[in-house]
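What follows is a set of notes on a single structure, which appears directly below.
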Amino acid sequence: MRIFDPHIHMTSRTTDDYEAMYAAGVRAVVEPAFWLGQPRTSPESFYDYFDSLLGWEPYRAAQFGIQHFCTIALNPKEANDPRCRPVLDELPRYLAKDRVVAVGEIGYDSMTKEEDEALAAQLRLAVEHGLPALVHTPHRDKAAGTRRTLDVVRESGIAPELVVLDHLNELTVSMVLDSGCWAGFSVYPKTKMSEDRMVRILQQHGTARVLVNSAADWGRSDPLKTRKTADAMLAAGFGEDDVDLVMWRNPVAFYGQSGRLDLDEAKPDETSSFEGNSVKRGGE
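Numbering (my numbering), first residue to last: -3 to 280.
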């Protein structure tokens, strides 16, 4: 089984996670730029973070046989902080980088005027750079936030097939698929979406234009939720081709629209050493 996790925050994960993901079949990931858990106090801190997503993290992933790509953006939560808004002016130089396969995460947190402006500005950047857009739907009042997001997407002029709305649920999936956009689902241990609920959504709505991710980050999350969802699909009667479509071919199709998705297989090192952490492989 081959798995492409289209939304996972590996900056917050350990090398043990990479090893376990490889053993579970994960061969590629996309890491969206996101809020790190406390407010950044200057734009420069974003640039160090973006540089890490483009340099250190792909190197770290490759040691474990996993291809790493990223999306770059000013995230919705920090779009409300005037100290962070200058990041919007610097995004074009990052969006030109080879491993950047979309603009993201963008979207809504609290649905403020500032978030409206940042979302519209970054959708314009996606159009200008010919990139897909990864859009975060708010965790509060999700249905209203999703409808508002779709309105802004339509106003932006970006082709709907270049947009994925993420963190969806049973209340929002139909409106997103009906819009022509892609539907993204984050499978979590306690919140958002479970494996069983995800299987029921696939049974009801089909496997086309659907992305399933772990969205694993600093909090209570699980980087193996993609594999667990794949196993749940098989147990529910889906075929291996259905699983391959959802877990591999769909994310490849979506992010492949960037023209930057080079999936030449990474080869795990027999011994991968990192400062303060040495991982030996092959039974050594």
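Backbone N, C-alpha and C fix where the C-beta goes; we use that ideal spot for every residue, glycine too.
query: Just reading off the beta strand (DSSP E) that I(-1) is part of, what are its end residues?; result: -1 to 1
query: For a test of the three-state rule: what should DSSP assign to I68, helix, strand or coil?; result: strand
query: Please list, in chain order, all residues of the same chain as V83 whose beta carbon is under 6 Å from its beta carbon, the five residues on each side excluded.; result: P39, F42, L70
query: Tell whether a beta-carbon distance below 8 Å holds between V242 and S210.; result: no
query: Of all the options E110, V97, I68, which has the alpha carbon lying nearest to the alpha carbon of R81?; result: E110
query: Assuming V123 contacts I154 under a Cβ cut-off of 8 Å, what Cβ separation, rounded to an integer in Å, is found between them?; result: 5 Å
query: With which residues is E27 paired in a DSSP beta bridge?; result: C66
query: If you reduce the DSSP assignment to three classes, tell me which class D173 lands in.; result: It should be pointed out that residue 173 corresponds to Leu in this sequence rather than to Asp. Helix, per DSSP.
query: Quick one: using the 10 Å Cβ neighbour count with 16 as the cut-off for buried, is L115 buried or exposed?; result: buried
query: Going by alpha carbons, who is nearest to S106 out of N76, D44, G176?; result: N76
query: Have a look at R193 and L91 and give me their C-alpha separation to the nearest angstrom.; result: 35 Å
query: Measure the alpha-carbon distance for Y104 versus H5 and round it to whole angstroms.; result: 18 Å
query: Mind checking who H132 pairs with in its DSSP beta bridge?; result: G103, D162
query: Should G284 go down as buried or exposed, given a rule of 16 or more other Cβ atoms within 10 Å for buried?; result: A question about residue 284 goes unanswered here, because the residues of the chain that appear run from -3 up to 280.
query: Can you give me the C-alpha to C-alpha distance between I(-1) and K93, rounded to a whole angstrom?; result: 24 Å
query: Which runs of the alpha helix (DSSP H), 4 residues or longer, sit entirely within the segment 169 to 227?; result: 169 to 175, 191 to 201
query: Could you check where the alpha helix (DSSP H) with M17 kicks off and where it finishes?; result: 11 to 20
query: Taking I197 as the reference, give the member of D213, A212, A179 with the closest Cα.; result: A179
query: Pull up the distance between the alpha-carbon of G126 and that of D147, whole angstroms please.; result: 20 Å
query: On a CA-only basis, which of P28, D174, A226 is nearest H201? Give me that one, please.; result: D174
query: If we count the other Cβ atoms within 10 Å of its Cβ and call it buried at 16 or more, is A226 buried or exposed?; result: buried
query: Tell me the DSSP bridge mates of A98?; result: T67
query: Just tell me which of L158, A129, E113 has its CA closest to the CA of V99.; result: A129
query: Report the rounded CA-to-CA distance for S48 versus E27, giving the unit in angstroms.; result: 11 Å
query: Should P78 go down as buried or exposed, given a rule of 16 or more other Cβ atoms within 10 Å for buried?; result: exposed
query: Please determine, among A19, V172, P2, H3, the residue with the shortest C-alpha to C-alpha distance to K263.; result: A19
query: Report the residue from V96, S254, P88, A16 whose alpha carbon sits nearest the alpha carbon of H64.; result: V96
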